[in-house]
Structure formats: structure tokens, C-alpha cells
Amino acid sequence: MIKYFLLGAFSLAQFSFVYAKEIPNDSKADNAVYHSTFQKVPKTVIIKTKKFKIRIDKQPNGKYLYQSWNSNAKITAKPSMIISDGELIPDGSGGNYYINFNNEGHSYQVWRNYLTDSAQKAPYTLVVFDSNDQEIVRQDGQVVKN
């Protein structure tokens, strides 16, 4: 009798796995992508520094697009610079990351500052390096639109 009971329970479990299916999560309301370290990376962010407005968009291929304007220009105007194929690079396990863009020997990095040693630290920082890896620009930025 116990053999039949165990056989039935085992068969029921097997049939449950056969008919189980994954339910996709197509939440259109969620406008963020989660990186492997569980940090929230927005699909689009607009940042304003002292001299620039910067828009970063996640592309369908998983890379990022960088567009920049003069700080007093409208975002609907033609960008003064467009760089494609940016790459998200995690920085530690606390949620900080940066997106790296390369253009004509210069490296543009937009840092997301989640964990800092100061509460006054800006949420984003733009850092630009020349072809000799010398820092030529460092500007803190605030989120205009997320």
C-alpha cells in the first residue's frame, strides 16, 4: 500500500513539472534595468553639469548612447556630440557604476555615485580623459530627468 502511495505522489510531482510554465514579466511601467549586482540602472537619464547637458539611453543591443549639449541649450536641439556603444562597468558591490564611452581617443565616463563619503556628493560625475589617460574634465551633475 505504501508503495502505491509513494508511486502516486512521485508521479503527481513529475506531472506538475511537465505542465509548469514560466510566466514572463512584461511590466511596461518599470523604466529601469537591473544589473547583476542588483543596482537600478535607468534606461534613460538626463544629467546637467556646469557646462553640459548629457542624455544617456540604453540601446536595444545592450550598449549605451551618449548625447551632449551646451548647458543652456534645449534638449530638443541637435546634440553637439553623439557617442554610441557605451559600456556599463560596475564599481564594487555597493551599487556604484560608470558608463564608459570612447570617441576619437578620448574616454568619457559618466559615474553613478550611490555610495559616497559625503551626503553632499552629486549623484553623477562626468570625467573625460585624453588619449594619454590624463583627466581633462571632471564635473558633478544633477539629474534633470530620470
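Be aware that the sequence shown starts at 4, since it is given in my numbering, and climbs by one per residue. Where is the CB? At the ideal position from N, CA and C, for every residue including glycine. Here the structure is a predicted model, which means the values were calculated and not measured.
- With contacts defined by Cβ atoms closer than 7 Å, residue 129 and residue 146 do not form a contacting pair.
- Judged by DSSP secondary structure, residue 137 falls outside any beta strand (DSSP E); it is assigned neither H nor E.
- For residue 49, the secondary structure class from DSSP, reduced to helix, strand or coil, is strand.
- Straight through space, the alpha carbons of residue 96 and residue 84 are spaced by roughly 32 Å.
- Residue 51 holds the alpha-carbon nearest to the alpha-carbon of residue 143 among 43, 51, 61, 108.
- Under the three-state reduction of DSSP, residue 5 is assigned to helix.
- About 7 Å separates the CB atoms of residue 44 and residue 100; that is less than 8 Å, so the two are in contact.
- For residue 54, there is no enclosing beta strand (DSSP E), as DSSP marks it with neither H nor E.
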